[in-house]
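Here the sequence shown stands for residues 2 to 556, where the numbers follow the working numbering. For every residue, glycine included, the Cβ atom is placed at its ideal position computed from N, Cα and C. Single-structure report; data block below.
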Amino acid sequence: MDKIWLRHYPESVPAEIDAEQFKSIPDLLDKLFARFADRPAYHNLRRTLSYAELERLSRAFATFLQGLPGMTRGERVAVMSPNLLQYPVVLFGILRAGMTVANVNPLYTPRELEHQLKDSGAKAIVIVENFAQTLQQVLGSTPVKHVITTQVGDLLPIPKRWLVNFVIKHVRKMVPAWHIAGTIPLDAALARGAASPFAPVNTQGEDLAFLQYTGGTTGVAKGAMLTHRNILANLEQTGTWISASFKEGAEVVIAPLPMYHIFCLTSTLSFMKWGSLSVLITNPRDLPALVKEMAQWKFTAMTGVNTLFNGLLNTPGFTQLDFSAQKVLVGGGAAVLKPVAERWQQVTGHHITEASPGACAMPLAAPWDGTVGLPLPSTDVSIRDDDFNELPAWTGAGDIGKHTGELCIRGPQIMRGYWNNPAETADALCAGWLKTGDIGHIDDQGRVTITDRKKNMILVSGFNVYPTEVESVVTAHPGVLECAVVAVPDDRTGEAVKVVIVRNDPELTPDDVIAHCRTLLTSYKLPRHVEFCDALPKSPIGKILQRELRAPSHS
Numbered sequence: 002m003d004k005i006w007l008r009h010y011p012e013s014v015p016a017e018i019d020a021e022q023f024k025s026i027p028d029l030l031d032k033l034f035a036r037f038a039d040r041p042a043y044h045n046l047r048r049t050l051s052y053a054e055l056e057r058l059s060r061a062f063a064t065f066l067q068g069l070p071g072m073t074r075g076e077r078v079a080v081m082s083p084n085l086l087q088y089p090v091v092l093f094g095i096l097r098a099g100m101t102v103a104n105v106n107p108l109y110t111p112r113e114l115e116h117q118l119k120d121s122g123a124k125a126i127v128i129v130e131n132f133a134q135t136l137q138q139v140l141g142s143t144p145v146k147h148v149i150t151t152q153v154g155d156l157l158p159i160p161k162r163w164l165v166n167f168v169i170k171h172v173r174k175m176v177p178a179w180h181i182a183g184t185i186p187l188d189a190a191l192a193r194g195a196a197s198p199f200a201p202v203n204t205q206g207e208d209l210a211f212l213q214y215t216g217g218t219t220g221v222a223k224g225a226m227l228t229h230r231n232i233l234a235n236l237e238q239t240g241t242w243i244s245a246s247f248k249e250g251a252e253v254v255i256a257p258l259p260m261y262h263i264f265c266l267t268s269t270l271s272f273m274k275w276g277s278l279s280v281l282i283t284n285p286r287d288l289p290a291l292v293k294e295m296a297q298w299k300f301t302a303m304t305g306v307n308t309l310f311n312g313l314l315n316t317p318g319f320t321q322l323d324f325s326a327q328k329v330l331v332g333g334g335a336a337v338l339k340p341v342a343e344r345w346q347q348v349t350g351h352h353i354t355e356a357s358p359g360a361c362a363m364p365l366a367a368p369w370d371g372t373v374g375l376p377l378p379s380t381d382v383s384i385r386d387d388d389f390n391e392l393p394a395w396t397g398a399g400d401i402g403k404h405t406g407e408l409c410i411r412g413p414q415i416m417r418g419y420w421n422n423p424a425e426t427a428d429a430l431c432a433g434w435l436k437t438g439d440i441g442h443i444d445d446q447g448r449v450t451i452t453d454r455k456k457n458m459i460l461v462s463g464f465n466v467y468p469t470e471v472e473s474v475v476t477a478h479p480g481v482l483e484c485a486v487v488a489v490p491d492d493r494t495g496e497a498v499k500v501v502i503v504r505n506d507p508e509l510t511p512d513d514v515i516a517h518c519r520t521l522l523t524s525y526k527l528p529r530h531v532e533f534c535d536a537l538p539k540s541p542i543g544k545i546l547q548r549e550l551r552a553p554s555h556s
């Protein structure tokens, strides 16, 4: 397919980026640390780290890792932490030591943690004590030899450090009892590293930077191999796209999504190239606290997902926030539904720039139009059928189904493959193209629309039903706070549509929902099952866990 999208690029955005201007992430970091030394870099729990402090602490941690027995270049180091100041310190320390980051979801069960540690072959793990009991249960069956522990308040100044740690452990009882022999506290690790000379590593672009595991919502988590070049290319692509109005040292980013997720990680690193300050939110599920934190800042940028945006819109005090400095709000991770995007625009005066992380983004000046925008610079996009034949762009006329298929992307940001999983790698990568698993189409202006995930598609009597379409219709009902749509078995149609709803109006009935949908959806798309619940099961970044909704308790 011709790059039809280039004709609709913003004037300031080039068709191609230079993916080789930095040889590695540490190379980029060294330049940022020097350029913005006196600027604030990260803020959390009322403490701010400057770029100079971040350089010093991450260097100390890198030196500590290099001194551990068996920890050589390329070794994997797992990190199991929410958004705390410790996260960027250890993240950059691992990379500066020439090692590979294996991010771990802090909410993993022992089974999930064991799988990831064994699969990645991690020999060391940095873990917040709140989750140490989970590690204790499986440590003996993993290759981990070094356990570095930290408490939530460890990088806060004394006496606040003592107070925060005491309250979390003894008042809120948030640290289950645990015992692991031979652990090393992070503050001791930093002290040891600071007392020894650092040996810089000549890391190259094709070296492995991250093993980024899938969320595991549809099966066993797989580790996507991301090189330094992959990450640097994507930072340049997204940075070029969103930063036309950015000023060095002047941007404040609200970061409620966890940095262990690739969407927030790459977004935050992109903002760092401008010497930005990122405000890390440790618990984004506490929406009143998030609104209170947002009120403290004249923030210019923020990342989020549909469920977070919807939750904020329904949180007292949000509508009173000052949005005058906002330049960009990036939505990703899951489709932003039309009712949420429209209400956000009404409340804040700014639109959501929806993006498919790593591949596409809406132009900043463009209003939300239901698409994820145009392919990023140096990115090729193709829509393919089940036989990998390319489908033509949709011109707005005729059967859109003939133009709908799997979104495939190609570019310098595409992963190397899945760690130790050649079968899954062969299934995901074909002739340089990544088969994303997203279903959608591209129009004659080059705009990409994602209708759903391939695995989430519902087949009703041979007709494709995309849950996102039904969710958008249901969410538009004033009595619905949020919802999720899944497939359930049906003796007559093979599969049927089920919607699980969190109500705004306690009087809302299934008949009300179906009557509303009947006016907007064709018959085979109508929900045959309507269920109400107090809260939808979600991952830490706010993605709805479809698998749990399909469980017998929800059927």
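Between residue 123 and residue 77, the beta carbon gap of about 4 Å places them in contact (Cβ cut-off 8 Å).
Here residue 414 is buried: its Cβ has 16 or more other Cβ atoms, across all protein chains shown, within 10 Å.
By the neighbour-count definition (other C-beta atoms within 10 Å, threshold 16), residue 117 is a buried residue. Membership of residue 263 in the alpha helix (DSSP H) is indicated by the continuous run 263-273. Rounded to the nearest whole angstrom, the C-alpha separation of residue 311 and residue 532 is 20 Å. Within the same chain, Cβ atoms closer than 8 Å to the Cβ of residue 545 are found at 308, 335, 485, 537, 538, 539, the five residues on either side in sequence being excluded.
Runs of beta strand (DSSP E) with 3 or more residues, each lying fully within the segment 192-256, are found at 209-214, 224-228, 253-256, listed in chain order. Bounds of any beta strand (DSSP E) do not take in residue 287, whose DSSP letter is neither H nor E. Put simply, the backbone Cα of residue 283 is about 23 Å away from that of residue 328. Between residue 470 and residue 452, the C-beta spacing is below 8 Å. For residue 325 and residue 152, the gap between their C-alpha atoms comes out near 36 Å. Rounded to whole angstroms, the gap between the alpha carbons of residue 130 and residue 171 is 13 Å. Taking C-beta atoms under 8 Å as the contact rule, residue 500 and residue 461 fail to qualify, at a distance of about 14 Å. When rounded, the separation of the alpha-carbon atoms in residue 345 and residue 365 is 15 Å. The residues 296, 299, in chain order, have a CB closer than 8 Å to that of residue 323 in the same chain once the five nearest residues on each side in sequence are set aside. Taking C-beta separations shorter than 7 Å and ignoring five residues to either side along the sequence, the partners of residue 409 in its chain run 383, 385, 434, 435, 436, 437, following chain order. Each residue's CA atom was taken as its position, placing residue 114 and residue 136 some 7 Å apart. Burial is judged here by how many other beta carbons sit within 10 angstroms of a residue's own beta carbon; residue 203 has fewer than 16 and is exposed.
By the criterion of at least three beta-carbon pairs nearer than 8 Å, the segment 78-94 is not in contact with the segment 238-251. Residue nearest to residue 412 within the set 421, 379, 423, 388 is 379 (criterion: CA-CA distance). Of the residues 525, 333, 106, the one whose Cα lies closest to the Cα of residue 265 is 333. Along the length of the segment 99-174, whole alpha helix (DSSP H) runs at least 4 residues long occupy 111-121, 133-139, 161-167, reported in chain order. Our two residues, residue 514 and residue 521, have alpha carbons roughly 11 Å apart in a direct line. The alpha carbon of residue 301 has as its nearest neighbour, out of 313, 289, 276, the alpha carbon of 276.
Shown here, residue 534 sits in coil according to DSSP, grouped into three states, outside any helix or strand. Sixteen is the threshold: when 16 or more other Cβ atoms of the shown chains lie within 10 Å of the Cβ of residue 285, as they do, the residue is buried. Counted as a single uninterrupted DSSP element, the stretch harbouring residue 258 is not any beta strand (DSSP E), since DSSP gives it neither H nor E. Taking the C-beta atoms as reference points, residue 126 is found nearer than 8 Å to residue 145. Ranked by Cα distance from residue 543, the first of 93, 106, 258 is 258. Sorting 65, 481, 72 by C-alpha distance to the C-alpha of residue 194 places 65 at the top.
Contact between residue 23 and residue 233 is confirmed by a C-beta separation of about 5 Å, below the 8 Å threshold. Excluding its 5 nearest sequence neighbours in each direction, residue 140 has C-beta neighbours in its own chain below 8 Å: 148, 181, listed in chain order. The three-state reading of DSSP puts residue 88 in helix, counting H, G and I together. Boundaries of the beta strand (DSSP E) harbouring residue 43: 41-45, taken from the DSSP string. When the Cα atoms are used, residue 52 and residue 74 turn out to be separated by approximately 25 Å. The beta carbon of residue 256 sits closer than 7 Å to the beta carbons of 84, 265, 269, 279, 280, 281, 282, 304 from its chain, once the five residues preceding and following it are set aside; these are given in chain order.
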